[in-house]
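Asker:
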Amino acid sequence: MAPYKDNGHLTQHQNNFNHYLSKARMTIECAFGLLKARWRSLLHLLPMTSVNKILQYIVACCVLHNICELRGDACNEPLTEISLGERAVRGLVNDVARTRVANAKRDRIALSLPLIQE
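Going by the UniProt record's numbering, the residue at position 73 of the sequence shown is 73; the numbering climbs one at a time, nothing skipped.
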């Protein structure tokens with residue numbers, strides 16, 4: 001999900017949404033970074049066409065990761081991310097229709113979030 005572009009005219013709800021999204025994104029990126037460091041197959045597109053299978057694969061990686069963590073199996077391998085250019089080449093760039101749907105969802109979420117008291 002993309003944040004609202006800050007052109008100096010964002011509403012309080014839009015700024016609020018950007019704040020919550022940023023906090024959530026940082027947490028999620030750290031979690032996926034840990035998963036990718038341990039399960040290198042997640043670094044590349046999964047060779048699956050079924051969304052359900054991809055979801056199950058990621059959940060399985062999470063469960064196995066948690067088991068490893070509970071047993072003290074540290075993962076110290078360096079992680080190298082794929083570049084944005086590689087992602088585009090691999091076909092991960094959103095098309096216009098998906099962007100419109102995502103923006104509509106973002107608007108609904110922004111209006112439902114509690115406002116930050118500054």
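C-beta: ideal position from N, C-alpha, C; glycine also.
1. Measuring straight from C-alpha to C-alpha, what distance separates M1 and N18?
2. According to DSSP, is T49 part of a helix, a strand, or is it coil?
3. Rounding to the nearest angstrom, what Cα-Cα distance links Q14 and A110 in this structure?
4. For T11, which of helix, strand or coil comes out of DSSP?
Answerer: With the structure as the only source:
1. Within the sequence shown, residue 1 is the residue found at index 1, counting from 1. Within the sequence shown, residue 18 is the residue found at index 18, counting from 1. Those two C-alpha atoms are separated by around 10 Å.
2. Taking the first residue of the sequence shown as 1, we reach residue 49 at position 49. T49 falls in the coil class under three-state DSSP.
3. Locating residue 14 in the sequence shown gives position 14, where the first residue counts as 1. Locating residue 110 in the sequence shown gives position 110, where the first residue counts as 1. If I take the Cα positions, the gap works out to 6 Å.
4. As a first step, residue 11 is located in the sequence shown; it is residue number 11 there, counting from the start. Coil at T11, not helix or strand.
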